[in-house]
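According to this note's numbering, the stretch in the sequence shown is residues 1 to 944, in order. Ideal Cβ placement from N, Cα and C applies to all residues, glycine included. Since the structure is predicted, the reported quantities are computational estimates derived from the model, not experimental observations. Have a look at the structure below, then the notes.
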Amino acid sequence: MDSTWEMPLATALQPLIDASPEAIFLMSPDGRILAANAAMGRRVHTPAGELIGRNVYDFVDTHAATQRKTHVDKVLTTGKPVVFRDERLGQSLEHHLHPVPDATGRTAFVAVYARDVSGSRRIEEERLKNEAILRESQALAHVGGWEWDAAGNRMYWTEETFNIHDVPPEEREQGTPDLIRRSIECYRPEDRGAIAAAFEACVETGRPYDLEFPLTTFAGRRLWTRTTARPVWKDGRVSKVVGNIMDITARKKSQSLLEARVRLSELSATLDTKALLGAFVDEAEALTGSRIGFVHFVENDQSTLALQTWSASTLHHFCTAEGDGLHYPVEQAGVWVDAIRQRKAVIHNDYASLPPGHAPVIRELVVPIFQGSRIVAVFGVGNKDEDYDDRDIELVSTLGGMAWDILSRAKSEEALRQSEEYLEAIFRVAPTGIGVVRNRVLTRVNERVCEMTGYREEELLGQSARVLYPTQEDFDFVGREKYRQIREKGTGELETRWQRKDGDVIDVLMASTPLDRNDLSVGVTFTALDITERKRIQAELVQANLDLAESTDRARDLAAQSEAASKAKSEFLANMSHEIRTPLNGVLGMLQLIETTDLDPEQRDYVRTAITSSTRLTRLLSDILDISRIESGKLVLSETDFEVQALKGSVLELFAPIARKKNLDLLFRLAPGVPRRLVGDETRLRQILFNLVGNAMKFTQRGAVSVEISPLLPRSASECRILLCVNDTGPGIPENRVKDIFEPFVQVDGSYVREHQGAGLGLSIVRRLVRMMRGDLALDSTLGEGTTICISLPLRVPQGRMPVAQDGQEAGCPLPACRIILAEDDEVNLWAGLKILEKMGHSVTPAANGREVLDHLARQDFDLIFMDIQMPVMDGVETTRAIRQDESLGNKASIPIIAMTAYAMTGDREVFLAAGMNDYLAKPVRMEGIRQVMARVLGNVHRT
1 MDSTWEMPLA TALQPLIDAS PEAIFLMSPD GRILAANAAM GRRVHTPAGE LIGRNVYDFV
61 DTHAATQRKT HVDKVLTTGK PVVFRDERLG QSLEHHLHPV PDATGRTAFV AVYARDVSGS
121 RRIEEERLKN EAILRESQAL AHVGGWEWDA AGNRMYWTEE TFNIHDVPPE EREQGTPDLI
181 RRSIECYRPE DRGAIAAAFE ACVETGRPYD LEFPLTTFAG RRLWTRTTAR PVWKDGRVSK
241 VVGNIMDITA RKKSQSLLEA RVRLSELSAT LDTKALLGAF VDEAEALTGS RIGFVHFVEN
301 DQSTLALQTW SASTLHHFCT AEGDGLHYPV EQAGVWVDAI RQRKAVIHND YASLPPGHAP
361 VIRELVVPIF QGSRIVAVFG VGNKDEDYDD RDIELVSTLG GMAWDILSRA KSEEALRQSE
421 EYLEAIFRVA PTGIGVVRNR VLTRVNERVC EMTGYREEEL LGQSARVLYP TQEDFDFVGR
481 EKYRQIREKG TGELETRWQR KDGDVIDVLM ASTPLDRNDL SVGVTFTALD ITERKRIQAE
541 LVQANLDLAE STDRARDLAA QSEAASKAKS EFLANMSHEI RTPLNGVLGM LQLIETTDLD
601 PEQRDYVRTA ITSSTRLTRL LSDILDISRI ESGKLVLSET DFEVQALKGS VLELFAPIAR
661 KKNLDLLFRL APGVPRRLVG DETRLRQILF NLVGNAMKFT QRGAVSVEIS PLLPRSASEC
721 RILLCVNDTG PGIPENRVKD IFEPFVQVDG SYVREHQGAG LGLSIVRRLV RMMRGDLALD
781 STLGEGTTIC ISLPLRVPQG RMPVAQDGQE AGCPLPACRI ILAEDDEVNL WAGLKILEKM
841 GHSVTPAANG REVLDHLARQ DFDLIFMDIQ MPVMDGVETT RAIRQDESLG NKASIPIIAM
901 TAYAMTGDRE VFLAAGMNDY LAKPVRMEGI RQVMARVLGN VHRT
């Protein structure tokens, strides 16, 4: 409640209230007493003056207070009086609750009087008198009154009626017939007949009226008013007409806004973003009486505007260019963007000068729309016939906020849908069994569960999980132990047995998590890992331990390794990306080792095909994770200084074997003027190149695939814009499919008889990465001739000299033989890495955990450490920090350390470098990648 109302109201009403012998008081919506008469004080045994500010509900018991709050709430919500009786202590008290409106017509206070109706006629007369007092008090709440006297055809207005009409004090003449004419002239010509007819009918037939019409005051203000009138009879004829007039502009605007909300909410289900924004702007124009309307989005940098749409009226009368998506800097915009600069709504009611060709603007209101602390859009209206005010700001702000809420909700729903699709794809292809049970009935299973059990999906769904277990005892044990663990710690993990459809029994490691820990009937998710082979190995180790007493130490070591494997297994369940990369690194490492052996052409072809397939699987995993992170806004660009020539080398290294196999020419040209080194996100730029070239190679059966990097004109001294074009002589893309190929999981050929495999993520990721890097993408394709995709990217040049990259330039020199510690807890990866490094001419000491690394380093001298991150006993990060902080190691504390890990998510590299590592290599690794990172790290060490 506005505190400025309390004292004036209380002071004005007090004489009237004190005149009544019955309890009368004025209260706020929360129950505070604002004014009270002496009778009220006597009723509650407290002086009237001490009642001010106290809560009226404190004077009755809890039950009575609850009932009275219900009556008060009804008055506040309906704006209508409420009468109720309270029978207590042999008395019947009748309570009258009347709404008291403020200037906007909203109920601001509640006037109450209570009278004893258990007695005589005198009490009834007092009630009528008190009702008259309350009616008079309502007149104080900014509601104007008027009276027409039939005898002299004279009109009388109260002061508030003059105020509503904006009549100057010197022109306020009472009792003149001219007031009737002047008041009717304030209404629109089309409404005057209805008003005059209603007044005449009241005079002639005594019919009261209640009308709502727009009104223009003497000062030119436009209002909505409600006028009511009733006749006063004398000697069988109407002698007077009395009425009141109330300014209901605020209520009308609120009503119009509510209707607009309903209309726009209905439209949001059928219109696209641009059409829906246009509808919002049209509504804002209509509700504010404007002739111009527009909406801009504000980019994340808070300094770039993107024009979304004009209103229909603006396009028709002022502007013929739609400007959809037009981007331009805030600093180049006019004063209307003060709404962004000042971070608040701005009104310009006095546009003095405009640039040539600008739409004629007289007045303008621009409102910023916030999402948290960031401005996301600006809504504007203009050319209202009168000045904009705070009510217009509130209206446009409400409409704009509602528009953004609807758009944000639609985007969130789309993001959720895509996320569900990605999760479903991961669920289907996950290398571990995943399923859902409800009341121990199978409701979801993935392909891996079917592979493990030999059942088809339709044979399992709807069946009791008992079908998976060889005995009732196994089934009961899992149910009992799993739910016990869930109740105690929220998840369950245990080893059990499953029986395949063909009767074979396999060992399974199961982990379970409830969908709702408080209600297990909702369902429980489970993962299942086939550990039959591991169990067989464990059994053999136990037997070997029993047979060979002298192998006790070895048995303990194997037990420790088994414990480490168990820990790695648990982490696998929480980090699928890490655990897919780890075995894939072993596969790729072994294939690379095989490739170095003496193979006949057919065998070499097999190995290269397997390496290509492994690389493809790695890219598919990265693509799925990347597209999810991009859509959720969690992918962060990381700018580094990099060699342009290295990009060329990496493309030729990866795709030259494929080109040779397909008998294609693979060309890569660096145009003159391209700097040798640039600053940007090298990883993402490389990813863009790999996706574009890989896509071109996949679809090109003859001819060539060519890549060219050329310079563009920079927009600033520190910027270096490059143009990257990939051209192929493939089949081309139909024109009607061009707009679709950049969408996730979409391919030109969507039939079952596809010639080219792939998940359809590469080009979608390219487009999103280009956008994140503030670049542009263009595509030109001709059926039967080929496709060209060009990308322009704003990069930076390093400080200092900027040598030009030379085509064909080779960097680096052969590495000397090094003494290397290879820290890796996975045996396959350890063996593969050890053999690769040895074939490169290095001496390798293996370490299964960080503690062994520290032991080796304390006893011997080494040149380099390849450090895995996830290891038992002591992980790679902890080990690195221990080395860097150990003063007893002397110069060995600064030994180069390279992270070689399956942690390849955004931000992992920065974490490892911050821990003290010198560089980073993500699994699965290639020999050439190992050479490059060693050359880079050892070269930096030698330079320092």
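May I have the straight-line CA-CA distance separating arginine 32 from leucine 51, to the nearest angstrom? 9 Å
Which residues mark the beginning and the end of the alpha helix (DSSP H) in which leucine 837 is found? 827 to 839
Have a look at aspartate 868 and glycine 400 and give me their C-alpha separation to the nearest angstrom. Computed Cα separation, rounded: 52 Å.
From Ala35, Pro872, Thr845, Gln543, residue whose alpha carbon lies closest to that of arginine 859: Thr845
Can aspartate 776 and serine 792 be called in contact, C-beta distance under 8 Å? Yes, the pair counts as a contact, with Cβ atoms nearer than the cut-off.
Residue burial classification, glutamate 200 (beta-carbon count within 10 angstroms, cutoff 16): Flag for glutamate 200 reads exposed.
Indicate the three-state DSSP secondary structure (helix, strand or coil) for aspartate 149 in the structure shown. strand
Count the other CB atoms within 10 Å of the CB of leucine 713; is the residue buried (16 or more) or exposed (fewer)? exposed
Would you please state the rounded distance, in angstroms, between the beta carbons of threonine 288 and valine 378? I believe it to be under 8 Å. About 15 Å separates the Cβ atoms of threonine 288 and valine 378, ruling out a contact at the 8 Å cut-off.
Contained beta strand (DSSP E) runs [length at least 3] in the region 410 to 465, N- to C-terminal order: 433 to 438, 441 to 445
Classify arginine 68 as buried or exposed, calling it buried when 16 or more other Cβ atoms lie within 10 Å of its own Cβ. Label assigned to arginine 68: buried.
Tell me tryptophan 336's beta-bridge partners as DSSP assigns them. BP columns for tryptophan 336 are empty, so no partner.
Return the chain-ordered ranges of every alpha helix (DSSP H) run that is complete within the region 876 to 943 and spans a minimum of 4 residues. 876 to 885, 908 to 914, 927 to 943
Buried or exposed: where does tryptophan 233 fall if 16 or more other Cβ atoms within 10 Å of its Cβ makes it buried? Exposed: under 16 other Cβ atoms inside 10 Å.
Leaving out five residues before and five after valine 381 in sequence, what residues of the same chain have Cβ atoms less than 7 Å from its Cβ? Ala284, Glu285, Thr288, Ser290, Ile292, Gly293, Leu365, Val396
Exposure of serine 20, with buried meaning 16 or more beta-carbon neighbours within 10 Å: buried
Can you tell me which of the three DSSP states methionine 874 falls into? coil
Proximity of valine 100 and alanine 111 at Cβ, strictly below 8 Å: yes
Is the distance from the Cβ of isoleucine 765 to the Cβ of asparagine 691 below 8 Å? At a Cβ-Cβ threshold of 8 Å, isoleucine 765 and asparagine 691 count as neighbours.
Which residues in the same chain have their Cβ closer than 6 Å to the Cβ of glutamate 420, if we skip the five residues on either side of it in sequence? Once the five neighbours on either side are set aside, glutamate 420 has no close Cβ partner at all.
Just how far apart, CA to CA, sit valine 72 and leucine 97? Rounded to whole angstroms, valine 72 to leucine 97 spans 7 Å at the Cα level.
So, are the CB atoms of arginine 686 and leucine 723 less than 8 Å apart? no
Go ahead and label valine 947 buried or exposed: buried means 16 or more other beta carbons lie within 10 angstroms of its beta carbon, across all protein chains shown. Since the displayed the chain opens at 1 and closes at 944, residue 947 lies outside it and no answer follows.
Is serine 311 helix, strand or coil by DSSP? coil
Other residues of its chain near threonine 491: CB distance less than 6 Å, five sequence neighbours each side excluded: Thr513
Taking DSSP's pairing of strands, which residues face lysine 234 in a bridge? Lysine 234 pairs with Arg237.
Which of the three DSSP states, helix, strand or coil, is assigned to glycine 850? helix
Nearest-angstrom Cα distance between asparagine 545 and glutamine 538? 10 Å
Taking C-alpha atoms, which residue in Ala48, Met871, His165, Tyr156 lies nearest to threonine 582? Met871
Using the Cα positions of alanine 150 and lysine 240, report the straight-line distance between them to the nearest angstrom. The alpha-carbon of alanine 150 is positioned some 6 Å away from that of lysine 240.
Quick test of your reading: valine 82 and valine 75, contact by CB under 8 Å. State the CB separation rounded to the nearest angstrom. 5 Å
From proline 214 to leucine 26, what does the alpha carbon distance come to, in whole angstroms? 33 Å
Report the rounded CA-to-CA distance for aspartate 61 versus lysine 253, giving the unit in angstroms. 41 Å
Taking the beta strand (DSSP E) that proline 214 falls in, what are its first and last residues? 209 to 216
Starting from alanine 114, trace the beta strand (DSSP E) both ways and give me its first and last residue. 107 to 116
Who are the near neighbours of arginine 192 in its chain, counting only those whose CB is closer than 7 Å to its CB and skipping five residues on each side? Ile184
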